[in-house]
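Please read the structure below before turning to the comments.
Number of protein chains: 2
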Amino acid sequence: MKSNNSFRSALNCYIKHPEKYPNDVLYYDSDFTVVYDKYPKAQVHLLVLPRDLIKTTQSPFLVFNYKNDPDKVFQNQLLLCIEKTKPIAIQQLVIKFPFLIQQSLNFDEYFKVGFHAIPSLSNLHVHVISKDNLSERLKTKKHYISFNSPFLLNLYDLIKNNALNQRDINSDEFFNIAKEMKKIMAQDMKCWKCGLNFRNDFKKLKDHLVIEANAIYKEDREKIKS
Amino acid sequence: MKSNNSFRSALNCYIKHPEKYPNDVLYYDSDFTVVYDKYPKAQVHLLVLPRDLIKTTQSPFLVFNYKNDPDKVFQNQLLLCIEKTKPIAIQQLVIKFPFLIQQSLNFDEYFKVGFHAIPSLSNLHVHVISKDNLSERLKTKKHYISFNSPFLLNLYDLIKNNALNQRDINSDEFFNIAKEMKKIMAQDMKCWKCGLNFRNDFKKLKDHLVIEANAIYKEDREKIKS
DNA sequence: GAATCATAAC
DNA sequence: GAATCATAAC
Ligand SMILES: [Zn+2]
Ligand SMILES: [Zn+2]
Ligand SMILES: [Zn+2]
Ligand SMILES: [Zn+2]
């Protein structure tokens, strides 16, 4: 056990008093808060935080688990909040790349939405993140893999009644998940776009991500021209 | 003993074939090569490499050691090469900060010249480095301390007949030096300009270095205006 | 010399 | 979650 776990509650302030952090909070209502990730791992990286005091404490594996009698009302509220977050995320991308045209951007082409299988921060949070992974804050293999492997639990996969959320969630199962994820973290790094294998060469991957970002964010402009 | 020490000879190509590396080499003659440090730890960071095949293998403590009958001809050649390097370094700084006026810059106010007490690369090299330590490549406490402590052997101090170069250079003495330097590396990080103590908070130091660099490189412009 | 990985302490 | 420190392998 760690001596001081207060950092694990770093997001709690945003669900408790979203009105106090106008520089960090992009949107809030009675049920959700949307904030910038303080250490963004891509050009756009937002967090969607359920404000419900029970839900916020739950594991992403548990909160939608079928054996746990999933709260369909909550699921639909969350999906609705994600729909509200999509244009916000797109707008953030357009701020970074003014040549992009907001109305023509397909969210699914540019973004991913999901939970980390083993979050470090205890308040339940959905990552809404652009696919580029172009960021100074992306500093380690673990950062990259955590968004480009089964460590990222796609929100829509999780909500479906599939293998992901039919696991028995007991401490044995959490131990198994931890073991799986450790294996996943040890795998090679591959480009999210073209699949090129960078093995453990993080620096080369970083250089390549610049090229891919230039391509996707310019390509769109070219498409618009033609 | 390390299994593969080839990285220690990374600078050898520049003294062997300076003409082959026009992108890296700023100046060379029959006795010296001046190159960009490949991982600059400040806005301007150059290396002066003696091309003599004996001198290049020597330790900075040994090459000027009085008990070792110092080669005064070599010393003077090196000092002359440093004099040639000074305007080059100043020019590099002006390229980064075009508001600076080349002719009015006092080298000693903006730069340091010296050896690392315990170099990682085996070819003898003098660092000519701007004092700012503002660089993305400055990533660790050791990087910073290595230029802001007795780990940096000031060239002119070393040439003087003083305590620094009167040490008996045997393996016992090298062991003592290594122990001293380890202590030095464990000390707090302090701002090179104002002396503010950042202890082990490297991130805060980095932020502060931005402020100090803005001040020194703008200050000069103000002086010129008045 | 840099970079990857593991490990505390917060 | 980030950041400091230590340790291999190159
Ligand atoms: Zn997380
Ligand atoms: Zn690619
Ligand atoms: Zn060196
Ligand atoms: Zn200062």
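Quick note, the sequences are listed as chains A and B, same order.
Using my numbering, you'd call the opening residue of the first sequence number 7 and step up by one each time.
Using my numbering, you'd call the opening residue of the second sequence number 7 and step up by one each time.
Every residue, glycine too, gets a C-beta built ideally from N, C-alpha and C.
Subject >> The alpha helix (DSSP H) enclosing LYS145(B), as first and last residue numbers >> reply: Segment: none, LYS145(B) is in no alpha helix (DSSP H) and carries neither H nor E.
Subject >> Cβ-based burial, VAL134(A) [other Cβ within 10 Å; buried from 16] >> reply: buried
Subject >> Delimiting residues of the beta strand (DSSP E) encompassing LEU159(A) >> reply: 158-160
Original post:
What distance in whole Å lies between the Cβ atoms of GLY120(A) and LEU159(A), which are believed to be in contact at a cut-off of 8 angstroms?
Top reply: 5 angstroms
Original post:
If you drop the 5 nearest sequence neighbours on each side, which residues of the same chain put their C-beta closer than 7 angstroms to that of ASN18(B)?
Top reply: ASN129
Original post:
Is it the case that the CB of SER155(A) approaches a heavy atom of ligand 1 more closely than 7 angstroms?
Top reply: no
Original post:
Residue range of the beta strand (DSSP E) that ILE96(A) falls in?
Top reply: Where ILE96(A) is concerned, there is no enclosing beta strand (DSSP E), although the alpha helix (DSSP H) it sits in stretches over 78-102.
Original post:
If we ignore side chains and look at the alpha-carbon of each, how far apart do ILE151(A) and GLN83(B) end up?
Top reply: 53 angstroms
Subject >> Terminal residues of the alpha helix (DSSP H) in which PRO66(B) lies >> reply: 66-69
**OP:** Write down every uninterrupted run of the alpha helix (DSSP H) in the stretch 10-71 of chain A whose length is 4 residues or greater and which is fully enclosed by it, in chain order.
**Re:** 18-22 and 66-69
Subject >> Length of the line joining the Cα atoms of ARG143(B) and TYR45(B) >> reply: 6 angstroms
Original post:
Less than 8 angstroms separating the beta-carbons of PHE204(B) and MET195(B)?
Top reply: yes
Original post:
Would you call LYS61(A) buried or exposed, if buried means 16 or more other Cβ atoms sit within 10 Å of its Cβ?
Top reply: buried
**OP:** To the nearest angstrom, report how far apart GLN109(B) and VAL31(B) are at their CA atoms.
**Re:** 23 angstroms
Original post:
Are PHE80(A) and ALA95(A) close, meaning C-beta to C-beta below 8 angstroms?
Top reply: no
Original post:
Out of curiosity, what's the CA-to-CA distance linking LYS246(A) and LYS210(A)?
Top reply: Look at the range of chain A in this structure, 7 to 232, and you will see that residue 246(A) is not part of it.
Original post:
On the premise that LEU55(B) lies in contact with TYR20(B), defined as a C-beta separation below 8 angstroms, what is that separation, rounded to the nearest angstrom?
Top reply: 6 angstroms
Original post:
Helix, strand or coil: how does DSSP classify TYR223(A) here?
Top reply: helix
Original post:
Does DSSP put ILE230(A) in a helix, a strand or coil?
Top reply: In this prediction, ILE230(A) scores a pLDDT of 45, lower than 50, which makes its location untrustworthy; the coordinate-derived value is nonetheless stated afterwards. It is helical.
**OP:** Determine the direct distance from the alpha carbon of HIS122(B) to that of PHE153(B), and round the result to whole angstroms.
**Re:** 8 angstroms
Original post:
In the structure shown, what three-state DSSP assignment does HIS133(A) receive?
Top reply: strand
Subject >> Assigned exposure category for PRO93(B) - 16 Cβ within 10 Å defines buried >> reply: exposed
Subject >> Proximity winner among THR63(B), ASN171(B) and ALA48(B), relative to LYS212(B) (alpha-carbon distances) >> reply: ALA48(B)
Original post:
Do ILE149(A) and LEU53(A) have their C-beta atoms within less than 8 angstroms of each other?
Top reply: Checking the sequence, you will find His at residue 149(A) rather than Ile. No, Cβ-Cβ distance for HIS149(A) and LEU53(A) is not below 8 angstroms.
Subject >> Presumed contact (8 angstroms Cβ cut-off) between ASN171(A) and PHE70(A), rounded CB distance >> reply: 5 angstroms
Original post:
What are the partner residues of VAL119(B), as DSSP defines its beta bridges?
Top reply: VAL134(B)
Original post:
Roughly how many angstroms lie between the CA atoms of ALA219(B) and ASP114(B), to the nearest whole one?
Top reply: 16 angstroms
**OP:** On a CA-only basis, which of TYR223(A), SER12(A) and ASN168(A) is nearest PRO5(A)? Give me that one, please.
**Re:** As shown, chain A starts at 7 and ends at 232. That puts residue 5(A) outside it, with no answer to give.
**OP:** Between the Cα of LYS137(B) and those of MET187(B), PHE157(B) and HIS51(B), spot the shortest distance and give me the residue it belongs to.
**Re:** HIS51(B)
**OP:** Quick one: residues in its chain with C-beta nearer than 8 angstroms to the C-beta of SER15(A), no 5 flanking neighbours on either side, listed in chain order?
**Re:** LEU127, SER128 and ASN129
Original post:
Where do the ends of the beta strand (DSSP E) carrying PHE204(B) lie?
Top reply: 203-205
Original post:
If you draw a straight line from the alpha carbon of VAL100(B) to that of ARG57(B), how long is it in whole angstroms?
Top reply: 28 angstroms
Original post:
To which residues does DSSP link MET187(A) through a beta bridge?
Top reply: Answer is none; MET187(A) lacks a bridge partner.
Original post:
Which same chain residues, not among the five before or five after LEU72(B), have their C-beta less than 6 angstroms away from its C-beta?
Top reply: Checking the sequence, you will find Tyr at residue 72(B) rather than Leu. Excluding sequence neighbours, TYR72(B) sits near ASN167, ASN171 and GLN172.
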